[in-house]
Amino acid sequence: MDNKQATLELGTKPVGKLLVQYALPAIVAMTASSLYNMVDSIFIGQGVGSMAISGLAITFPFMNLSGAIGACIGVGASTLLSVKLGQKDYSMANRILGNAVMLKIITGVLFGGLCLLFLSPILRFFGATDNTLPYAREYMEIILMGNMITHLYFGMNAMLRAASKPRQAMYATIFTVMLNTALDPLFIYTFDMGIRGAAIATVLSQTTALCWQLKIFSNKDELIHFKRGIFKLDWNIIRNILAIGIAPLAMNAASCVIVIFINTALVRYGGDLAVGAYGIANRIAFLFFMVVMGLNQGMQPIAGYNYGAGNNDRLMRVLKLTITSAIGVMIVGWTISELIPQPIVGLFTTDDELIKRTVHAVRINSLMFPLIAYQVVVTNFFQSIGKAKISIFLSLSRQLIFLLPLLITLPPLMGVDGVWWSLPSSDFVACVVTAIIMTRYIRKQKAQTKQQQLNISTQ
3 MDNKQATLEL
13 GTKPVGKLLV
23 QYALPAIVAM
33 TASSLYNMVD
43 SIFIGQGVGS
53 MAISGLAITF
63 PFMNLSGAIG
73 ACIGVGASTL
83 LSVKLGQKDY
93 SMANRILGNA
103 VMLKIITGVL
113 FGGLCLLFLS
123 PILRFFGATD
133 NTLPYAREYM
143 EIILMGNMIT
153 HLYFGMNAML
163 RAASKPRQAM
173 YATIFTVMLN
183 TALDPLFIYT
193 FDMGIRGAAI
203 ATVLSQTTAL
213 CWQLKIFSNK
223 DELIHFKRGI
233 FKLDWNIIRN
243 ILAIGIAPLA
253 MNAASCVIVI
263 FINTALVRYG
273 GDLAVGAYGI
283 ANRIAFLFFM
293 VVMGLNQGMQ
303 PIAGYNYGAG
313 NNDRLMRVLK
323 LTITSAIGVM
333 IVGWTISELI
343 PQPIVGLFTT
353 DDELIKRTVH
363 AVRINSLMFP
373 LIAYQVVVTN
383 FFQSIGKAKI
393 SIFLSLSRQL
403 IFLLPLLITL
413 PPLMGVDGVW
423 WSLPSSDFVA
433 CVVTAIIMTR
443 YIRKQKAQTK
453 QQQLNISTQ
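So the mapping is simple: this note's numbering equals the position in the sequence shown, first residue as 1, plus 2.
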């Protein structure tokens, strides 16, 4: 099957089969990536110590901020690419690819360079203490020097999925994870480089995978590929990419702000070990959320293509299938987190006090897992069809409008438990708001479909 036929199948093949075809590679890739993050943390926790785990947690806002900029371009460009493929505008699709590459290079270099200049003050602002700052700084110095590579790597994976190559995107991620896992103990233990070694392993692995991704897009036989003229920056393309990408940008930027507040509150009410507990709890939650994000990535090209082609029935079917699957995944996550968190937490550290605190955090954090799966899918659905304003609002409502006030008010009343309980509380309210907005959208879609049918029957 050629690439063009694979793209056309997005509008004809049964939706269920398409979702499996596109989501399964993304799920495997995202799960593998999440498992790597867990393994990375395990190596750091067991090989460097509990303070290194806390130092790693301090870097989460940095990673979210970098991811926010990268996702803005990657998601915006891949969504726009899917819509253009649905419209069979292949020339514009190639230009979108070229502009995305240039934007990734520019933003990757600028972000990495600027942050390196002010690294220590930024980490202090993110909640680093005298105990955790050395570890956080050693890790981020390497990550920021390779920031352009990271941006390009994730961006090319998003473009591969949008260009009907989900398996290649999966292979790139799995390769990165496997190489990372092999290099981690080599740099951390054998070369005695500690947390800095983990960062070096990450950048080297992404660099190797990026070379393969660029080779794929250099193949002239592909429908979407590098060619002369597509790398010239086009303001209209950039504006459209940013208009769609503003939703993930807002989502990740909000995550950055929230993690800063969480880390600050945890240090104040629970000390450095509480930050470490949050870091481990986050890694465990990410294992399940990454499966949901894999489902979303599988949904994105299908939803984008059929929205661009005007196939509303197929659009709603892929949404319902994704929601059902995501809720099922998070029910599994909820069950494991509530019933057997201690053996999982014990993989990260041998510190009894840190284990006790983390188990407590994991059980509270996972309370609304099934509900938040619905919220995350719907938010990504609106993003996939280019409705940035709705997607932005849903992202911000969960992380800023509801969670931030709780993080400010609950900890003074409940201590460190106030931080933990603010998370599921905001998830519940955000899910209710999302359900209301989604219900209104479905009613509007049904009314439009009914009117279209009426117009056809009267012609």
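Backbone N, C-alpha and C define an ideal beta-carbon position, used for all residues, glycine too.
Spatially closest choice to GLN170 from MET150, PHE219, ASN182, by CA coordinates: PHE219
CA-to-CA distance, MET416 to LEU154, given in whole angstroms: 43 angstroms
Residue environment, GLY18, which counts as buried when at least 16 other CB atoms sit within 10 Å: exposed
Sequence-distant residues of the same chain with beta carbon closer than 7 angstroms to ALA34, five excluded per side: THR175, ILE176, VAL179
Proximal residues to ASP429 (C-beta, below 6 angstroms), its chain only, five neighbours per side dropped: MET370, ILE374
Rounded Cβ spacing between ALA471 and ASN254 (contact assumed at less than 8 angstroms): The chain is shown from 3 up to 461; residue 471 falls before or after that span and cannot be answered.
Candidates LEU99, ALA73, LYS15, TYR191: closest to ASP236 by CA position: LEU99
Contact the region 21-29 vs the region 291-299: 3+ CB pairs below 8 angstroms: yes
C-beta atoms of ALA54 and GLU143 nearer than 9 angstroms: no
The region 351-367 contacting the region 272-287, beta-carbon criterion three pairs below 8 angstroms: yes
For GLN385, the three-state DSSP class (helix, strand or coil): helix
Rounded separation between ASN367 and LEU225 - CA only: 44 angstroms
Buried or exposed (CB count within 10 angstroms, at least 16 for buried), ILE243: buried
Reference MET161; option with closest CA among LEU181, ALA95, THR109, ALA211: ALA95
Reduced DSSP secondary structure (H/G/I, E/B, other) of ALA328: helix
Beta-carbon gap between PRO303 and VAL77 smaller than 9 angstroms: no
Start-to-end residues for the alpha helix (DSSP H) that takes in ALA305: 274-311
LYS391 burial status per 10 Å Cβ neighbour count (16 or more: buried): exposed
Among ARG365, THR436, PHE288, nearest to VAL41 - alpha-carbon criterion: PHE288
Buried versus exposed, by CB contacts within 10 Å (16 or more), ARG400: buried
GLN215 vs MET301 beta-carbon contact at 9 angstroms: no
Environment of LEU112 [buried if 16+ CB atoms lie within 10 Å]: exposed
Nonlocal neighbours in the same chain, by C-beta distance under 7 angstroms from SER2, ignoring five residues either side: Residue coverage of the chain in this structure runs from 3 to 461, which leaves residue 2 outside it and unanswerable.
Assigned exposure category for SER122 - 16 Cβ within 10 Å defines buried: exposed
Continuous alpha helix (DSSP H) stretch holding GLU140: start and end: 135-147
Close beta carbons around MET440, own chain, < 7 angstroms, minus the five adjacent residues each side: VAL380
CB contact flag (SER166, LEU12, <9 angstroms): yes
SER84, DSSP secondary structure in three states: helix
Whole alpha helix (DSSP H) elements within the region 229-277, 4-residue minimum: 237-272
Under the three-state DSSP convention, the category LEU323 falls into: helix
Exposure of ASN149, with buried meaning 16 or more beta-carbon neighbours within 10 Å: buried
Three CB pairs or more closer than 8 angstroms across the region 56-72 and the region 336-353: no
CB-CB length for GLN23 against PRO168, believed under 8 angstroms: 7 angstroms
Within 9 angstroms, strictly: CB atoms of VAL463 and TYR309: This structure cannot speak to residue 463, because the chain is shown only from 3 to 461.
ILE46 beta carbon less than 9 angstroms from that of ILE476: The requested residue 476 does not occur in the structure, where the chain is confined to residues 3 to 461.
Cα-Cα separation, PRO407 to LYS217: 48 angstroms
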